[in-house]
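Note sheet for the following structure.
In mature numbering (1 follows the signal peptide of the UniProt record, and there is no 0), the protein residues as written are -21 to -1, 1 to 92.
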């Protein structure tokens, strides 16, 4: 999993692990100071700036935003996997894509819960 896909999960875990209220910049600085240094601070800021409400959100609000973005990404990737599956002729690759599709579908279901 690349940094751009890992970021939402890491941010969500970090946000849920702490109960004090921080803004976007404070939260991203806290994450940058932690163990996960492979994801650039500026990328984290851009990630949240692209979302309505993140500028005034506390950690709980940022976790909600992250969850919604994760759901949208998982749903979009699930559709892309389905399209690739329809074009694929190799049975082994079709089975691999079926597994990926199931995993992304499960992720969407869990984020809906």
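The beta carbon of each residue, even a glycine, is placed where N, CA and C say it ideally should be.
**OP:** Within its chain, find whatever has a CB closer than 7 Å to the CB of residue 61; leave out the 5 residues flanking it on each side and keep chain order.
**Re:** 80
Subject >> The alpha helix (DSSP H) enclosing residue 53, as first and last residue numbers >> reply: 38 to 66
Original post:
What residues in its chain sit with their C-beta under 7 Å from that of residue 67, if we drop five residues either side in the sequence?
Top reply: 73, 76
Subject >> Where residue 85 sits in the DSSP three-state scheme >> reply: When DSSP states are grouped into helix, strand and coil, residue 85 belongs to the helix group.
Original post:
Run through DSSP, which three-state label would residue 77 get?
Top reply: helix
Original post:
Distance, Cα to Cα, residue 39 vs residue 31?
Top reply: 15 Å
Original post:
Would the beta-carbon of residue 24 fall within 8 Å of that of residue 36?
Top reply: no
Subject >> Same chain, Cβ closer than 8 Å to residue 83, five either side skipped, listed in chain order >> reply: Here the set comprises 53, 54, 56, 57, 60.
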